[in-house]
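Enquirer: Below you'll find the structure I mean.
Number of protein chains: 2
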Amino acid sequence: MTVRLLLADDHPVVRAGLRAVLDTEADFAVVAEAATAERAVELAAREPVDVVLMDLQFGTGMHGSEATALITARTGAPRVLVLTTYDTDADILAAVEAGASGYLLKDAPPEELAAAVRTAAAGRSALAPAVALRLMDRMRTPAEALTKRELEVLQLVADGLSNQQISKRLFLSQATVKSHLVHVYAKLGVESRTAAVAAAATRRLIRTP
Amino acid sequence: MTVRLLLADDHPVVRAGLRAVLDTEADFAVVAEAATAERAVELAAREPVDVVLMDLQFGTGMHGSEATALITARTGAPRVLVLTTYDTDADILAAVEAGASGYLLKDAPPEELAAAVRTAAAGRSALAPAVALRLMDRMRTPAEALTKRELEVLQLVADGLSNQQISKRLFLSQATVKSHLVHVYAKLGVESRTAAVAAAATRRLIRTP
DNA sequence: CCGGACATCGAACTTTCGATTGACCGGGGC
DNA sequence: GCCCCGGTCAATCGAAAGTTCGATGTCCGG
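Which chain is which? The protein sequence lines are B and G, in order.
Residues in the first sequence are numbered from 1 upward in steps of one, following this note's numbering.
Residues in the second sequence are numbered from 1001 upward in steps of one, following this note's numbering.
Right, here's the structure in full:
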């Protein structure tokens, strides 16, 4: 049984690398490539594909997690294996919520990559050890885990928005924004918004441009 | 005349991709690969190589710019072509100072990549259009260029320090720190420290963890 | 069913930040 | 020599951020 693959990554070199690594496996066949998330969604709907290898950060246009959600929403959809460079908590959560079957880092060795593809093709969940470890840590110390809402506010803080701007963006009052930030500061062990952004960046909780 | 290549990148997939892309060129031959900067320095000294494709960010150990400096310091050294994902001003300057013959982004199309390798092999300078454009912009609008001191203060802001903490760290008064930040805000077109950090991060003026 | 976590909001308070203005000095360039 | 720029500092004032104390409602699991 051949596993048909769709590669979605904006870097030609990475696509070539994935093709080189995966085509050496006898039971894999790369049937399509996409340089944008939009194109990946289109191809996944049209071509018969078993597993999509999806990057998260594309240079322009749709984000990989959005594309993942669109692809997995259909019935009989292929499995989506997220393959990204960095592992922020926000990205992992977004990918899992979007219906990704797995989450791999690009620095993974080829054997791990092939194993993850087979796992995903079989319908099981495939998480990179580093990612799994992070989720374990998150489970083990739920006190330090930021809620989705807190991450959302923190991300906007990192984008340079003021409390006023954040409140308007999220349809909240400034009081609520401050409230969330108080909790964020407590969980991160800091006492200012910039320190929170720095701490969250090192812990890969948020996306930094 | 065959161009002998050494690939230095910690991502197996990227190395495979570069090999796939470059080995299709008749006059290129990938003769060695290195997964760390240290290994790249070692191989560049031992193997007969014409051009080194050097990543900047390795997972652990030496930085690519250090390795570049070590490699180019020798007489009869190969040319080093820096090939990285992101293009921060600091990285570009460091690479050029280290003696890199060129600076490419990993999202470059294969033709551009091959052309840059030939340019480097011929002993000429090879800059990616995006990188060259950045340098041109930097020349054209020096008003937006932050001074060394301003960057220093801004970096500490990005690390989460308060004005008070920065003043102590740099042996300044808070007035001076504020003064620098006023200039930074004006140059970046923002009006708060977090917005300045966000703007500087997107423009790759500072280091983000 | 009840406790706890999460999300929401308000008000009063303190601290920090940012804007503004003005000043001094040293080093280059004209 | 003179002027401009970079770096340094001071004082002030309003705005923003952060703290503290409260409160309500939902939802979920024991």
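Note that beta-carbon positions come from the ideal geometry of N, C-alpha and C, so glycine has one too.
As the structure is a computational prediction, the values presented were derived from the model and not from experiment.
Secondary structure at Leu-1127 (chain G), three-state DSSP: helix, strand or coil?
Expert: Of the three classes helix, strand and coil, the one that applies to Leu-1127 (chain G) here is strand, per DSSP.
Enquirer: Go ahead and pull the three-state DSSP assignment for Gly-17 (chain B).
Expert: Gly-17 (chain B) falls in the helix class under three-state DSSP.
Enquirer: How about Asn-163 (chain B) and Gln-174 (chain B): do their beta carbons lie closer than 8 Å?
Expert: Against a cut-off of 8 Å, the Cβ pair of Gln-174 (chain B) and Asn-163 (chain B) comes out as a contact.
Enquirer: Kindly confirm or deny that the region 1013-1032 of chain G and the region 14-22 of chain B touch, where touching means at least three C-beta pairs closer than 8 Å.
Expert: Yes, the region 1013-1032 of chain G touches the region 14-22 of chain B.
Enquirer: Taking CB distances under 8 Å as the criterion, tell me whether Ala-1032 (chain G) reaches chain B.
Expert: No - not a single Cβ of chain B is within 8 Å of the one on Ala-1032 (chain G).
Enquirer: CA-CA distance, Tyr-1185 (chain G) and Glu-1047 (chain G)?
Expert: Approximately 49 Å, taken between the alpha carbons.
Enquirer: Would you mind working out which of G:Ala-1199, G:Ser-1179 and G:Glu-1025 sits nearest Leu-1188 (chain G), comparing C-alpha positions?
Expert: Nearest C-alpha to Leu-1188 (chain G): G:Ala-1199.
Enquirer: Counting only beta-carbon separations shorter than 8 Å, does Ala-158 (chain B) have a partner in chain G?
Expert: Yes, its Cβ sits closer than 8 Å to a Cβ of chain G.
Enquirer: Val-52 (chain B) and Pro-78 (chain B) - do their beta-carbons sit closer together than 8 Å?
Expert: In contact: Pro-78 (chain B) and Val-52 (chain B) (Cβ atoms closer than 8 Å).
Enquirer: Scan the region 1002-1019 of chain G for residues whose Cβ lies nearer than 9 Å to a Cβ of chain B and list them as they occur along the chain.
Expert: For the region 1002-1019 of chain G, which is checked against every Cβ of chain B, the residues closer than 9 Å are Asp-1010, His-1011, Pro-1012, Val-1013, Val-1014, Arg-1015, Ala-1016, Gly-1017, Leu-1018 and Arg-1019.
Enquirer: Using only alpha-carbon positions, find the residue among G:Lys-1168, G:Arg-1193, G:Asp-1050 and G:Gly-1061 that is nearest to Ile-1071 (chain G).
Expert: Comparing Cα-Cα distances from Ile-1071 (chain G) to each of G:Lys-1168, G:Arg-1193, G:Asp-1050 and G:Gly-1061, the minimum goes to G:Asp-1050.
Enquirer: So with Cβ pairs under 8 Å, would you call Thr-1119 (chain G) a contact of chain B?
Expert: No - not a single Cβ of chain B is within 8 Å of the one on Thr-1119 (chain G).
Enquirer: With a threshold of 8 Å between beta carbons, is Lys-1106 (chain G) in contact with chain B?
Expert: Yes, its Cβ sits closer than 8 Å to a Cβ of chain B.
Enquirer: Report yes or no: is there a C-beta of chain B within less than 8 Å of the C-beta of Ala-1198 (chain G)?
Expert: It does: the Cβ of Ala-1198 (chain G) has a partner Cβ on chain B nearer than 8 Å.
Enquirer: List the residues of chain G whose Cβ lies closer than 7 Å to the Cβ of Ser-162 (chain B), in chain order.
Expert: Those are Ser-1192, listed as they occur along chain G.
Enquirer: Taking only beta-carbon atoms, is Ala-1098 (chain G) less than 8 Å away from chain B?
Expert: No, because no Cβ of chain B sits closer than 8 Å to the Cβ of Ala-1098 (chain G).
Enquirer: Beta-carbon of Ala-29 (chain B) versus every beta-carbon of chain G: anything under 8 Å?
Expert: Closer than 8 Å: no.
Enquirer: What in chain G is Cβ-close to Val-21 (chain B), meaning under 8 Å?
Expert: Those are Pro-1012, Val-1013 and Ala-1016, listed as they occur along chain G.
Enquirer: What residue range is occupied by the uninterrupted beta strand (DSSP E) comprising Leu-113 (chain B)?
Expert: Per DSSP, Leu-113 (chain B) belongs to no beta strand (DSSP E); it is in the alpha helix (DSSP H), 110-121.
Enquirer: Based on DSSP bridge pairs, tell me the residues matched to Ala-95 (chain B).
Expert: In the DSSP output, where bridge partners are listed per residue, Ala-95 (chain B) has none listed.
Enquirer: Look at Ala-126 (chain B) and Gly-99 (chain B) and say whether their C-beta atoms are less than 8 Å apart.
Expert: No; because the gap between Cβ atoms is not below 8 Å, this pair is not in contact.
Enquirer: At the 8 Å Cβ level, is Pro-78 (chain B) part of the contact set with chain G, yes or no?
Expert: No, its Cβ sits nowhere closer than 8 Å to a Cβ of chain G.
Enquirer: Thinking just about the alpha-carbon of each residue, which of B:Thr-85, B:Ala-34, B:Asp-91 and B:Tyr-86 is nearest to the one in Glu-152 (chain B)?
Expert: If we check each option's Cα against that of Glu-152 (chain B), B:Asp-91 comes out closest.
Enquirer: Considering only the alpha carbon of each residue, which of G:Ala-1114, G:Ala-1035 and G:Ala-1201 lies closest to Asp-1010 (chain G)?
Expert: The shortest Cα separation from Asp-1010 (chain G) among G:Ala-1114, G:Ala-1035 and G:Ala-1201 belongs to G:Ala-1035.
Enquirer: Tell me, please, whether the CB atom of Met-136 (chain B) is closer than 8 Å to any CB atom in chain G?
Expert: Low local confidence applies: a pLDDT of 49 at Met-136 (chain B) is under 50, so the model's placement there is unreliable, with the coordinate-based value given in what follows. Not closer than 8 Å to any Cβ of chain G, the Cβ of Met-136 (chain B) fails to qualify, so no.
Enquirer: Could you round the C-beta distance between Ala-1210 (chain G) and Ala-1037 (chain G) to whole angstroms and report it? I think they count as a contact, below 8 Å.
Expert: Since the first residue shown for chain G is 1001 and the last is 1209, residue 1210 (chain G) is missing from the structure and cannot be characterised.
Enquirer: When you compare only the Cα positions, how much space is there between Thr-1024 (chain G) and Glu-111 (chain B)?
Expert: Cα to Cα, the separation comes out at about 24 Å.
Enquirer: Can you round the beta-carbon distance between Arg-1004 (chain G) and Glu-1033 (chain G) to whole angstroms, since I take them to be within the 8 Å contact cut?
Expert: The Cβ separation is near 13 Å, so there is no contact.
Enquirer: If you draw a straight line from the C-alpha of His-183 (chain B) to the C-alpha of Glu-150 (chain B), how long is it?
Expert: Rounded to whole angstroms, His-183 (chain B) to Glu-150 (chain B) spans 8 Å at the Cα level.
Enquirer: How should Lys-1148 (chain G) be labelled, buried or exposed, when 16 other C-beta atoms within 10 angstroms of its C-beta is the threshold for buried?
Expert: That one is exposed.
Enquirer: Are Leu-1113 (chain G) and Leu-1205 (chain G) closer than 8 Å when you measure CB to CB?
Expert: No.
Enquirer: The region 52-67 of chain B: which residues have C-beta closer than 9 Å to a C-beta of chain G, in chain order?
Expert: Residues Gly-59.
Enquirer: Going by the CB atoms, is the gap between Thr-208 (chain B) and Leu-1208 (chain G) shorter than 8 Å?
Expert: The sequence shown places Thr at residue 1208 (chain G), rather than the Leu named in the question. For Thr-1208 (chain G) and Thr-208 (chain B), yes; Cβs fall inside 8 Å.
Enquirer: Any chance you could list the beta strand (DSSP E) runs of at least 3 consecutive residues sitting entirely within the region 30-72 of chain B, in chain order?
Expert: Those beta strand (DSSP E) runs which fall completely within the region 30-72 of chain B and span 3+ residues are 51-54.
Enquirer: With a cut-off of 8 Å, does the C-beta of Ala-201 (chain B) fall near any C-beta of chain G?
Expert: Judged by the 8 Å Cβ criterion, Ala-201 (chain B) is in contact with chain G.
Enquirer: Check each candidate in B:His-63, B:Ala-121, B:Ala-108 and B:Val-190 and name the one with the smallest Cα separation from Gly-76 (chain B).
Expert: When only C-alpha atoms are compared, the closest one is B:Ala-121.
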